[in-house]
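Q:
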Amino acid sequence: MIVAERKPFEEIKNMVSGYDRILTVGCATCVAVCLAGGEKEVGILNNELKLAGKVDGSPVQLGAVTLQRQCDREFLAELDDVVKDYDALISMACGAGIQFLAERFPEKPVFPAVDTTFIGVNQDVGIYEEKCRACGNCVLGMTGGICPVTMCAKGLFNGPCGGTNQGSCEINKDQPCAWYLIYERLEKQNRLEQIIEICPTNDWRNQTPRTVIQPGYKERSTA
Ligand code: SF4
Ligand code: SF4
Numbered sequence: 033m034i035v036a037e038r039k040p041f042e043e044i045k046n047m048v049s050g051y052d053r054i055l056t057v058g059c060a061t062c063v064a065v066c067l068a069g070g071e072k073e074v075g076i077l078n079n080e081l082k083l084a085g086k087v088d089g090s091p092v093q094l095g096a097v098t099l100q101r102q103c104d105r106e107f108l109a110e111l112d113d114v115v116k117d118y119d120a121l122i123s124m125a126c127g128a129g130i131q132f133l134a135e136r137f138p139e140k141p142v143f144p145a146v147d148t149t150f151i152g153v154n155q156d157v158g159i160y161e162e163k164c165r166a167c168g169n170c171v172l173g174m175t176g177g178i179c180p181v182t183m184c185a186k187g188l189f190n191g192p193c194g195g196t197n198q199g200s201c202e203i204n205k206d207q208p209c210a211w212y213l214i215y216e217r218l219e220k221q222n223r224l225e226q227i228i229e230i231c232p233t234n235d236w237r238n239q240t241p242r243t244v245i246q247p248g249y250k251e252r253s254t255a
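Just so we're aligned, residue 33 is where the sequence shown starts under this note's numbering, counting upward by one.
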């Protein structure tokens, strides 16, 4: 899932200062699971804004809605008759959702209330761990299911480097060396000989915007 963190309140308050009618839009998918931008977090933020408005003597009219997904036209359409009543929107979705919201309502300023952080996993309630940087050329099959882009400080596709030291990375002894972990994992799977296979160079497709069209949908996309 995509993991995000809520921005500090002062930053959000400064972004929306000067707007009297604000709609806060949450997302009930990834950012809700990671406790950053779901229905509950929308309610908390609006309460903070309401209180700050009272304290500052400039009360604001606040609306709240949480869509199933902000990165999906079908759900964004639910706002078509709603946004006209507001001067500005706050989005609590990931960066993709925020941009899709802004694209659908280009006449309205849209402000982000969360910082999108990474693609990761839910280790426990409130604890999330980065696992993937969407490099576009997944080599997990060669690395025992451990991502060298995310886990290795140098993003090495063919490691380890000379800095590996008794299982730790040279940047920090508390940081495991990704390639040490890969070695151990491949050994456990009785395929350690594969560690000497050269991973092809990554062409870093994640450096420019990408579009994915799944097989079977190409015709529809050009129609
Ligand atoms: S190799 Fe690339 S696609 Fe695969 S997990 Fe790592 S960053 Fe993600
Ligand atoms: S010590 Fe290991 S994790 Fe650290 S940069 Fe070198 S190969 Fe990557």
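Virtual Cβ for every residue (Gly too), placed ideally from N, Cα, C.
Taking I159 as part of the beta strand (DSSP E), name the residues at either end of that continuous run.
A: Run containing I159: I159 to C164, per the beta strand (DSSP E) assignment.
Q: Out of G58, K220, Q221 and N190, which one is the CA nearest neighbour of C209?
A: Cα-wise, what sits closest to C209 is N190.
Q: Closest to L121 by C-alpha separation, out of C184, G152, E110 and A96, would be which residue?
A: The option with the nearest alpha carbon to L121 is A96.
Q: DSSP state of S200, grouped into three classes?
A: Three-state result, S200: strand.
Q: Between the C-alpha atoms of V115 and G69, what's the straight-line distance to the nearest angstrom?
A: Whole-angstrom Cα-Cα distance: 19 Å.
Q: Of all the options F107, Q102, E139 and D117, which has the alpha carbon lying nearest to the alpha carbon of Q131?
A: Checking every option, the nearest Cα to that of Q131 belongs to Q102.
Q: With distances taken between CB atoms, is the gap from V63 to V146 smaller than 8 Å?
A: For V63 and V146, yes; Cβs fall inside 8 Å.
Q: Count the other CB atoms within 10 Å of the CB of V153; is the residue buried (16 or more) or exposed (fewer)?
A: With fewer than 16 other Cβ atoms within 10 Å, it is exposed.
Q: Answer with buried or exposed for N204, where buried requires no fewer than 16 other C-beta atoms within 10 angstroms of its C-beta.
A: That one is exposed.
Q: What residue range is occupied by the uninterrupted alpha helix (DSSP H) comprising R242?
A: Per DSSP, R242 belongs to no alpha helix (DSSP H) and is neither H nor E.
Q: Would you kindly check if the distance between the Cβ of N238 and the Cβ of G166 is under 8 Å?
A: At residue 166 the sequence reads Ala, which differs from the Gly that was named. Cβ distance < 8 Å, so A166 and N238 count as in contact.
Q: Could you spell out where the alpha helix (DSSP H) holding F41 opens and where it closes?
A: Segment F41 to V48, the alpha helix (DSSP H) holding F41.
Q: Closer than 7 Å to a non-hydrogen atom of ligand 2 - does that hold for the CB of K186?
A: Yes; taking the cut-off as 7 Å, the Cβ of K186 has a heavy atom of ligand 2 nearer than that.
Q: Taking a contact to mean a Cβ-Cβ separation below 8 Å, would you say G176 touches I214 in this structure?
A: In this structure, I214 lies closer than 8 Å to G176 by Cβ.
Q: Using a 10 Å radius around the Cβ and a threshold of 16 neighbouring Cβ atoms, would you call E42 buried or exposed?
A: Under this definition E42 is an exposed residue.
Q: Relative to the alpha-carbon of G89, which residue among V181, L108 and G50 has its alpha-carbon at the smallest distance?
A: Ranking the options by Cα distance to G89, first place goes to G50.
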